[in-house]
Amino acid sequence: MATPLGVHLTEATPELLDTFRRTYPRQLSDRKYGILANRIGSATETCWFIVSPSGRLCGYCHVSAGDTVNTRINHRVRIAKHQAYFFDEYVCRQHRRNGYHRFSIGERLRLLRPSGVLEGVTTISNRNTASLGSYRGFNLTPIARLVYVPALKRTLERAVN
1 MATPLGVHLT EATPELLDTF RRTYPRQLSD RKYGILANRI GSATETCWFI
51 VSPSGRLCGY CHVSAGDTVN TRINHRVRIA KHQAYFFDEY VCRQHRRNGY
101 HRFSIGERLR LLRPSGVLEG VTTISNRNTA SLGSYRGFNL TPIARLVYVP
151 ALKRTLERAV N
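So that you can map any letter, position 53 of the sequence shown is 53 in this note's numbering, and since no number is skipped, the others follow by simple counting.
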């Protein structure tokens, strides 16, 4: 699916985050708002809003340029110098199925290329077929299987052969 002309990413600011929250109050919980607010201006993470051709904020996406922790599953993610961790991507319900997620993946790769990033790394649930479909267009190659063990509050990682 081709992405409509005029879609772009704009770096997140506190003002844009507040606008996003006012526009989509039911799609941005207080917890998620706090997480996003803390990421703005981070030395290792970059946050963007996805902007529709009409100029409307319609989602967000992030990258981490170094090792990080996926706090949702308590898993340490190791990132090589030529990689970035793509995470916390969201396209608002009314803007889905327009190619915006796929656009955000390609655009982040393009924006990061001058800094030496050649690969994106991400964590996707097997049940998230929409995300898997978006990433498959970028030669998604599974390298590990993660299993969250609630009793241990840890995620175990097993290499994929």
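No residue lacks a Cβ here, since even glycine has one placed at the ideal position from N, Cα and C.
If residue i and residue j are in contact, beta carbons under 8 Å, what's the gap, nearest whole angstrom?
i      : j      : result
VAL69  : VAL7   : The Cβ separation is near 30 Å, so there is no contact.
TYR135 : THR155 : Not a contact, Cβ separation roughly 19 Å.
ASP67  : ARG78  : 5 Å
GLU120 : LEU109 : One point to set straight first is that residue 120 is Gly, not Glu, in the sequence displayed. 6 Å between Cβ atoms; contact.
TYR33  : ARG21  : 6 Å
Going by CA-CA distance only, name the one from the options that's closest to residue i.
i      : options                          : result
ILE105 : ARG76, ARG158, PHE49 and ARG26   : PHE49
LEU112 : THR23, ARG26, ALA37 and ALA65    : ALA65
ARG31  : ARG56, ARG72 and PHE86           : ARG72
ALA84  : ASN98, TYR90 and PRO114          : PRO114
PRO53  : ARG39, ALA37, ILE124 and HIS95   : HIS95
ILE143 : ILE124, ARG22 and VAL63          : ILE124
PHE86  : ASN126, SER131, ARG127 and ARG97 : SER131
Rounded to a whole number of angstroms, what is the C-alpha to C-alpha distance between residue i and residue j?
i      : j      : result
ARG158 : HIS75  : 12 Å
PHE103 : ALA43  : 24 Å
CYS92  : CYS47  : 16 Å
GLY59  : VAL160 : 31 Å
CYS61  : TYR100 : 11 Å
GLY133 : LEU140 : 9 Å
GLN27  : ALA80  : 33 Å
LEU9   : ARG56  : 11 Å
TYR90  : THR19  : 16 Å
LEU118 : GLU45  : 17 Å
HIS82  : GLY137 : 20 Å
ASN38  : LEU17  : 11 Å
LEU36  : THR13  : 10 Å
Checking the sheet assignment: what are the DSSP bridge partners for residue i?
i      : result
GLU146 : In the sequence as displayed, the identity of residue 146 is Leu instead of Glu. Beta-bridge pairing links LEU146 to GLU157.
ASN139 : None, per the DSSP bridge assignment.
THR68  : VAL77
ALA84  : GLY120
Give a yes or no on whether 7 Å exceeds the smallest Cβ distance from residue i to chain B.
i      : result
ILE143 : The structure shown contains no chain B; it holds only a single protein chain.
- Message: Report the start-end ranges of each alpha helix (DSSP H) in the stretch 4 to 66 that is 4 residues or longer and not cut off at the edges.
- Response: 14 to 23 and 30 to 39
- Message: Suppose only complete runs of 4+ residues qualify. What are the alpha helix (DSSP H) ranges in the stretch 86 to 131, listed by chain order?
- Response: 100 to 112
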